[in-house]
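Colleague: In order, the protein sequences belong to chains A and B.
Residue numbers for the first sequence follow the working numbering, beginning at 1 and rising by one.
Residue numbers for the second sequence follow the working numbering, beginning at 474 and rising by one.
My structure is below; once you've seen it, I'll send some questions.
There are 2 protein chains.
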Amino acid sequence: MGLKALDYESINENMKKVEYAVRGELYLRASQLQKEGKKIIFTNVGNPHALGQMPLTFPRQVIALCQAPFLLDDPNVGQLFPPDAIVRAKHYLSMIGGGLGAYSDSRGNPGVRKEVAEFIERRDGYPSDPELIYLTDGASKGVMQILNTIIRGEGDGILVPVPQYPLYSAAIALFGGSLVPYYLDESSNWGLDLNDLRQSVARARSQGIMVKAMVIINPGNPTGQCLSEANLREILNFCFQENLALLGDEVYQQNIYQDERPFISSKKVLMDMGPPISKELQLISFHTVSKGYWGECGQRGGYFEMTNIPPQTVDEIYKIASISLSPNVPAQVFMGLMVNPLKPGDVSYEQYHRESKGILDSLRRRARIMTDGFNSCKNVVCNFTEGAMYSFPQIQLPPKAIETAKRAGKEADVFYCLKLLEATGISTVPGSGFGQKEGVFHLRTTILPPEEEMPAIMASFKKFNDEFMEQYA
Amino acid sequence: MGLKALDYESINENMKKVEYAVRGELYLRASQLQKEGKKIIFTNVGNPHALGQMPLTFPRQVIALCQAPFLLDDPNVGQLFPPDAIVRAKHYLSMIGGGLGAYSDSRGNPGVRKEVAEFIERRDGYPSDPELIYLTDGASKGVMQILNTIIRGEGDGILVPVPQYPLYSAAIALFGGSLVPYYLDESSNWGLDLNDLRQSVARARSQGIMVKAMVIINPGNPTGQCLSEANLREILNFCFQENLALLGDEVYQQNIYQDERPFISSKKVLMDMGPPISKELQLISFHTVSKGYWGECGQRGGYFEMTNIPPQTVDEIYKIASISLSPNVPAQVFMGLMVNPLKPGDVSYEQYHRESKGILDSLRRRARIMTDGFNSCKNVVCNFTEGAMYSFPQIQLPPKAIETAKRAGKEADVFYCLKLLEATGISTVPGSGFGQKEGVFHLRTTILPPEEEMPAIMASFKKFNDEFMEQYA
């Protein structure tokens, strides 16, 4: 009969080219060990609730009422829900019409998109148009929609930072495009070097690749740096000169752990620069309910805002979104709640503020504990996590470890991370999953384990690492 | 500067080829009219809650508790929630670990997948493996994942019924494959003719297309027919002979409005047939929480089950699902509740049973009212809606109407449906959006408007139609 449609040899070759280390060999091995009864600390994905972070109370109250609207008619509702949650649930239910069980418009509910636009206006000080904001099932889905729009084939290149979050390499491979890497400079706190960027573009062009867009992740994943306004200007100018669209992955905009470089959006900097660039540069900005102090990953809510994208293209993106009918509606309500939060004076404000500040303050302390912990280890150096949720220490592996790994048929960082997992239960992602310069090794871990466990985890890491370095010295 | 990355002329050509009539010209015009204050009856999408269907109470109670787990610690919880909802919420929360805000495994929560497997076993009488069941953000997303796996380029063909649900044509166009149509026979109640099927395959092969898979929609969308066991055997045998994978879209399996042909799954028929076919034929079956008496479209929950798919391919599909991290978790709980429903004796059983039976009984009556209504109209003939949620009447348009449409630059059925919309507010989808034989015209409407409004809607339709036929006689 020959090959069948779903035999491995028959299927889409682009799928096979995809690598996705965040859920790769290390994750699979960790899942296996967990099944066998070992205690695993999953720091492979930025998944705060899985590591014990409690959800914010107020949005969960509102969504519970939206899911069970009949509670609003129950005379006892006030015993379980505060009045502002009840008001807010009624607001979203009336905005949504058919409730959470009805498909929304494929771009998301118009009322929520308006709340997002108002949030962006307050944040940036410039107008935002709800018609150019599309809600998505998490930011990753939005990034995939846009890359799928841009990429026609392997002649189309996308500039991606290295180290990078593997969503980008995976999606570019799946859509059959070409990833054009630009390197972040670890020695200058993962800064971006314009000369290196220019060389990357020139090299790609000399290979016949049309470079179409540039990705920035700010704050950085896995690298944790926050871009300064001056740096963002340079990037925007570069994109303008080189005729590139800019994809601004800004999902960690609430996760800032220092005061020197607060988050500033690409959209604001672009608008500040004025015409012609502010009227011409094509920018897509991404955000999510999965990060920040929300961490509502499992709800799958996100949005992207399109700036200077022609209406015909906006319509095509709408049409394609329509194939899967609508983003999930509960997460649209979460997005509304995130961008239109409680205000001082609201009954639940104090609790909401206390909870969110508690999470952010603790993350800031954990970022410090982790960086200091790594820097106290033998052959490990680590930049401070200025933002986002990750620590990305460099592991300076001795030649003997590299050779041993090679003989075992493993990348050296994979070898190290597997040993770490077996010894301590700490499930990380090897740096090779994010890309790095030849012969330099890292791992990525989230800063999300509970704060009270952090000292023990870092001690356990140090013990493993220092013994490993001893063993392979 | 030349073209930019997101200028219409620069973007992915496959996107431009996509047509998606369910949210096409008619929907956009209807949305416009609604904005202007006109009352619109949206029957373009199978979206029950948008048309007033109430959600089932029990699952919404469970999900509300899962979203607000702190309620479980409140001494007053029993005043708003029945004890079985509380037990079930605790069951899912303990199964899920990090709660609804944590990413699950990219295939979905293992416990829910086990509940799905048990449901399939009870339904079909054959074993089902949770490792071969992947949860998705609605069935459409699952269909897209599988088509993306199968299609490598325009040389790969997928057999799709015509008329068809445009998800298939849209996804095949987006992935750059070739749609190979086979016609359903309206005169034999949208039956499937094996000879026609064979000819379709032969024709495609003569054009150099490798036909890789066949789609069936059972019960049919937009055509509403239920496949008999004999017919399913023929289809399976045909796929086996022709070395095709079978994609079984079974999202309407709970929506049956006659007793002669109850739903029977492709998986069961395949297993009944025994080896070699039961061990070799590659089958993917799709299901959802959006249809049935649930109608929870906005939650975006679905699954697919893979039968006889090699492990390496299963792993590739897993890897690609991992790029977007996980299907939304609340809808996974809905799926668990749907496949593992309340049983007689449970405190909330009676209400649950009453609500679901009420919805199904009413849908059955509405299917009848609508079919009879259409058949009472001048130049309209309509098969009975045996299942699913749609009526697909043939509109025999007079030559004068066809000419007038042509002069207006419209397809004749689009012309008719636009006039219908303007005159009555009824928003349908022209048959050309689903494909049909040359010179034959239809429209699709859902049977979902509230039962009490149905007579008035059908009267309004009849008045419009009969005047239209008069005018263009």
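Ideal Cβ positions, reconstructed from N, Cα and C, are used throughout, including at glycine.
None of the values given here were measured: they were computed from a predicted structure.
#1: Applying a beta-carbon distance threshold of less than 7 Å, which residues of chain A neighbour His522/B?
#2: So if I threshold CB-CB distances at 8 Å, which residues from the segment 596-610 of chain B count as touching chain A?
#3: What is the DSSP secondary structure of Thr43/A, counted as helix, strand or coil?
#4: Alpha carbon to alpha carbon, how far is Cys226/A from Asn383/A? Give it in angstroms, no decimals.
#5: Count Cβ pairs between the segment 100-108 of chain A and the segment 313-324 of chain A that sit closer than 8 Å; are there 3 or more?
#6: Hey, which unbroken runs of the alpha helix (DSSP H) at 4 residues or more fall wholly within the segment 248-281 of chain A?
#7: Closer than 8 Å by beta-carbon distance: list the chain B residues that pair up with Val381/A, in chain order.
#8: Taking the continuous beta strand (DSSP E) assigned at Tyr165/A, which residues delimit it?
#9: Return the first residue and the last residue of the beta strand (DSSP E) that Tyr493/B is part of.
#10: Determine which residues of the segment 524-541 of chain B have a Cβ less than 7 Å from any Cβ of chain A, and write them out in chain order.
#11: In chain order, what are the residue ranges of uninterrupted alpha helix (DSSP H) at least 4 long that sit wholly in the segment 519-577 of chain B?
#12: Tell me which residues of the segment 831-852 of chain B have at least one Cβ-Cβ distance to chain A shorter than 7 Å, keeping chain order.
#13: So, helix, strand or coil for Asp788/B, using DSSP?
#14: In the DSSP assignment, find the alpha helix (DSSP H) that holds Ala475/A and state where it starts and stops.
#15: Mind the definition here: the segment 775-786 of chain B touches the segment 265-277 of chain A only if three or more C-beta pairs lie below 8 Å; say whether that holds.
#16: For Val269/A, I'd like the list of residues in its chain whose CB is within less than 7 Å of its CB, leaving aside the five on either flank, ordered along the chain.
#17: To the nearest angstrom, how far is the alpha carbon of Ile737/B from that of Cys239/A?
#18: The beta strand (DSSP E) that contains Glu778/B, what's its start and end?
#19: Would a check of beta-carbon distances place Cys297/A closer than 8 Å to chain B?
#20: Within its chain, find whatever has a CB closer than 6 Å to the CB of Val589/B; leave out the 5 residues flanking it on each side and keep chain order.
#21: Does the segment 388-399 of chain A come within contact of the segment 438-458 of chain A, defined as at least 3 CB pairs closer than 8 Å?
#22: Should Ser673/B be counted as a contact of the ligand SAH given a C-beta to heavy atom distance under 7 Å?
#23: Please tell me whether Ala541/B and Gln61/A are closer than 8 Å, where the distance is taken between their beta carbons.
#24: From what residue to what residue does the beta strand (DSSP E) around Arg444/A run?
#25: Going by the CB atoms, is the gap between Gln772/B and Pro817/B shorter than 8 Å?
#26: Taking 7 Å as the limit between beta carbons, can you name the residues of its chain near Leu566/B, skipping five residues before and five after?
#27: Since Glu451/A and Ile484/B are thought to touch, with beta carbons under 8 Å apart, how far apart are those beta carbons, to the nearest angstrom?
#28: May I ask you to list the residues that DSSP assigns as paired with Pro430/A?
#29: With H, G and I counted as helix, E and B as strand and the rest as coil, what does DSSP make of Thr696/B?
#30: Alpha carbon to alpha carbon, how far is Leu836/B from Phe592/B?
#31: Just to make sure I have the definition right: I need the residues of chain B whose C-beta is within less than 9 Å of the C-beta of Met144/A. Which are they?
#32: Comparing the C-beta of Leu545/B with each C-beta of chain A, is any distance below 8 Å?
#33: Where are the beta strand (DSSP E) runs, 3 residues long or more, that stay fully inside the segment 641-665 of chain B, in chain order?
#34: Could you name the residues of the segment 655-677 of chain B whose beta carbon sits closer than 8 Å to any beta carbon of chain A, in the order they occur along the chain?
#35: From the DSSP output, which residues share a beta bridge with Gln394/A?
#36: Could you check where the beta strand (DSSP E) with Ser106/A kicks off and where it finishes?
Modeller: Put simply:
#1: Gly98, Gly99, Gly101 and Ala102
#2: Asp610
#3: coil
#4: 12 Å
#5: yes
#6: 266-273 and 277-280
#7: Those within 8 Å of Val381/A in chain B number zero; the least Cβ separation is about 30 Å.
#8: First-last for Tyr165/A: undefined, no H or E at that position.
#9: Segment: none, Tyr493/B is in no beta strand (DSSP E) and carries neither H nor E.
#10: Pro528, Thr530, Arg533, Gln534, Ile536, Ala537, Gln540 and Ala541
#11: 530-540, 550-553 and 556-569
#12: none
#13: helix
#14: Residue 475/A lies beyond the stretch modelled for chain A, which goes from 1 to 473, so this question has no answer here.
#15: no
#16: Glu229, Leu232, Arg233 and Leu236
#17: 57 Å
#18: Gly775 to Thr780
#19: yes
#20: Ile606, Tyr776 and Val812
#21: yes
#22: In the structure on display, the ligand SAH does not appear, and there are no ligands present to speak of.
#23: yes
#24: Leu443 to Thr446
#25: no
#26: Cys539, Pro542 and Gly572
#27: Rounded, the Cβ-Cβ distance is 46 Å, inconsistent with contact.
#28: Leu443/A
#29: coil
#30: 24 Å
#31: Ile796 and Ser797
#32: no
#33: 651-658
#34: none
#35: Val381/A and His442/A
#36: No beta strand (DSSP E) contains Ser106/A, which DSSP labels as neither H nor E.
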